[in-house]
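Colleague:
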Amino acid sequence: MNHNKHYGTIAHWFGEMSRGSIICDESSQRIFANRQSLHPDYQEPETGHRVSFQIETENNRAVARDVERVNPGYKNNDSAVITLTDWDWSKNGGYGMDVSNEGQPVFVLGQFLADQTRTPRAGDRLEGTLRRHPNGQWLLVNAVIRSTPESEPEPESMHAAHAQKAQGQTVHFFRPEHGPKVEVKIEQPLVAETRYPAPKSAQRNLLPPNQVMSGTITTWDDAKGYGFIRFGDESQNIFFHISAYHYNTCRPQTGQRVSFYCNRPIEGNRQQAVKVVRLGDEAFLFDELPPDYNRLNIDMQALLINSVIAVVFLTVVAVLSNKLFFIYVLISIAAFILYQQDKQTAMESARKIRRKNEYQNRIPENKLHAFSLLGGWPGALVARAAFRHKTKKVPFVQIFWLTVAINVAITYALLIHYADNPLTNFLKN
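Listed below in structure tokens is the structure:
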């Protein structure tokens, strides 16, 4: 029998048969368990429980023994103190264990350290706030190093060099004794170059780069797509663009509490927030997908009103001219598809690093307006509400309604005003 303690999660438990299986963190192997496997103090296992156990081989099969339930676990925003087990210089991240919650590792990334001038080492005690990452693991944010073992610190320059290599990579943390690897996508450099004392003016006006901070949106211009976040006193106003707002289905609002991290500005450029999320969604700051990735983005009230307008217009056209009705329906379907494609492209572009040619795959606005002018505006009207697309940009909205007015006027002229003209008579029913 292997007397080492292992950790895992109950994958299945069949109460009628008093048996099930445990997925071992170390190898992802399924370990058989039955009623005889359970510890006397743990007799009601359920699927999803975190457990500790030992392994023995029985009839050439791994069987769990002495299965005990591990502490049920953490909750978001809980405070925790962990002892760092390992810190990977090349990935600028590591993990540790909380003695009060044995078997549940907690991961730390360089961006979440409150003090960006210090680098943690194995054995450090870190205190911070817990956030659950979308992959199910726990992250320690706003982490403060409370105590450090007596050993020689690593050079600051080495830390910076490894952090630069980590940019754009997927970080893999391996837990040989406590579970499988964990992957976290790194979109920005985790630590900047070696820090030198900055002038007092720079220290007063610049925030630490790549450090998670919280603030309040004081100004937001929805038409232009940018605003400012106040951090600390009123002199700390950080610029951010709509592309940094990590959501698909909502827009920033003045007065909204947010968390963010900034870049290290190139000389001559101002500092700005690289990614912004609402307070409580900090775990998504370093995730490629936004918190609302799978959420429907439909304005039901606008969709209902726009659909009624489109149906009424097309019904009137159908009464007067079947031919023109079918033409308008086909163009409307094409316009609806174009709006859908443009919205999808916009969402994908917002999740990528901004490039000079980032708009090359977007549908040109002139093309969208042309389809509306030719009679496809009913489909465009429905699509704008269904996808919440092209509804805030004032110049686009103004031109859109101008194309609607022109098309309605042309339709009226063709089917009513000049209905008796030989050139247009063929359109009437």
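Using UniProt numbering, the first residue of the sequence shown is number 1, and each one after it goes up by one. C-beta atoms are modelled at their ideal positions from N, C-alpha and C, and glycine is treated no differently.
Three-state secondary structure (DSSP) at S28?
Modeller: Note: S28 maps to coil in three-state DSSP.
Colleague: Let me check understanding here. Comparing Cα to Cα, which of Q43, L279, M300 lies closest to R388?
Modeller: Ranking Q43, L279, M300 by Cα distance to R388 puts M300 first.
Colleague: Thinking C-alpha only, which one of R251, T218, N210, I327 is nearest P265?
Modeller: Taking only the C-alpha atoms, the option nearest P265 is N210.
Colleague: Just reading off the alpha helix (DSSP H) that W377 is part of, what are its end residues?
Modeller: W377 -> alpha helix (DSSP H) spans 377 to 387.
Colleague: May I ask which residues mark the beginning and end of the alpha helix (DSSP H) holding N59?
Modeller: That residue, N59, is in no alpha helix (DSSP H); it is neither H nor E in DSSP.
Colleague: Taking the beta strand (DSSP E) that F107 falls in, what are its first and last residues?
Modeller: Taken as a continuous stretch (DSSP letters only), the beta strand (DSSP E) holding F107 covers 105 to 109.
Colleague: Going by other Cβ atoms of all chains shown within 10 Å of its Cβ, with 16 needed for buried, is M213 buried or exposed?
Modeller: Buried, since its Cβ has 16 or more Cβ neighbours within 10 Å.
Colleague: At the level of alpha carbons, what is the spacing between Q36 and N92?
Modeller: Looking at the two C-alpha atoms, the distance is approximately 44 Å.
Colleague: How many angstroms separate the CA atom of L338 from the CA atom of A380?
Modeller: Taking the straight line joining both Cα atoms gives about 9 Å.
Colleague: Please report the distance separating the alpha-carbon of Y7 from that of Q54.
Modeller: Taking the straight line joining both Cα atoms gives about 9 Å.
Colleague: Say the cut is 6 Å; is the CB of V144 nearer than that to a heavy atom of the ligand FAD?
Modeller: In terms of ligand content, the structure shown is empty, and the ligand FAD therefore cannot be addressed.
Colleague: To the nearest angstrom, how far is it from the Cα of Q256 to the Cα of V81?
Modeller: Roughly 30 Å separates the two Cα atoms.
Colleague: Is it right to say A33 is buried, meaning 16 or more other beta carbons lie within 10 angstroms of its own, or is it exposed?
Modeller: Buried, since its Cβ has 16 or more Cβ neighbours within 10 Å.
Colleague: What is the residue span of the beta strand (DSSP E) that V277 lies within?
Modeller: Element bounds for V277: 273 to 278.
Colleague: Please classify V191 as buried or exposed, where buried requires at least 16 neighbouring CB atoms within 10 angstroms.
Modeller: Residue placement at V191 is flagged as unreliable, the pLDDT there being 36, under the threshold of 50; a coordinate-derived value is accordingly withheld.
Colleague: Relative to the C-alpha of W343, which residue among H133, L139, K390, F313 is closest?
Modeller: The amino acid at residue 343 is misidentified as Trp; the sequence shows Lys. Comparing Cα positions, the closest option is K390.
Colleague: Considering just the uninterrupted stretch of the alpha helix (DSSP H) at E16, what are its terminal residues?
Modeller: No alpha helix (DSSP H) contains E16, which DSSP labels as neither H nor E.
Colleague: Mind the definition here: the region 227 to 247 touches the region 126 to 141 only if three or more C-beta pairs lie below 8 Å; say whether that holds.
Modeller: No: the two stretches stay apart, fewer than three of their Cβ pairs being nearer than 8 Å.
Colleague: In the DSSP assignment, the beta strand (DSSP E) including A80 goes from what residue to what residue?
Modeller: Taken as a continuous stretch (DSSP letters only), the beta strand (DSSP E) holding A80 covers 79 to 88.
Colleague: Pop quiz: V258 and V277 are said to be a contact at Cβ under 8 Å. What is the actual Cβ separation, rounded to whole angstroms?
Modeller: Contact flag correct, Cβ pair sits at about 6 Å.
Colleague: What are the partner residues of F260, as DSSP defines its beta bridges?
Modeller: M213, V276.
Colleague: If I follow the unbroken beta strand (DSSP E) through Y226, where does it start and stop?
Modeller: That run of the beta strand (DSSP E) goes 226 to 230.
Colleague: Can you give the Cα-Cα distance for D41 and T249, rounded to whole angstroms?
Modeller: For D41 and T249, the distance between alpha carbons rounds to 48 Å.
Colleague: If you draw a straight line from the C-alpha of F14 to the C-alpha of P45, how long is it?
Modeller: Their Cα atoms are separated by approximately 9 Å.
Colleague: Just list the residues that DSSP pairs V63 with in beta bridges.
Modeller: In the DSSP output, where bridge partners are listed per residue, V63 has F32, E56.
Colleague: For residue 430 and R251, what's the separation of their Cα atoms in angstroms?
Modeller: The shown model of the chain, from 1 to 429, leaves out residue 430, and the question about it has no answer.
Colleague: DSSP three-state call for residue 438: helix, strand or coil?
Modeller: Outside the displayed range of the chain (1 to 429) lies residue 438, so it cannot be described from this structure.
Colleague: Looking only at its own chain, which residues have a Cβ that is under 7 Å from the Cβ of Q253, when we skip the five neighbours before and after it?
Modeller: Closer than 7 Å at the Cβ level, and outside the excluded window around Q253, lie I217, W220.
Colleague: Along the beta strand (DSSP E) that carries E127, what are the first and last residues, could you check?
Modeller: First-last of the beta strand (DSSP E) with E127: 125 to 132.
Colleague: Exposed or buried, which one is P378 when buried takes at least 16 other CB atoms within 10 Å?
Modeller: By the 10 Å Cβ count, P378 comes out buried.
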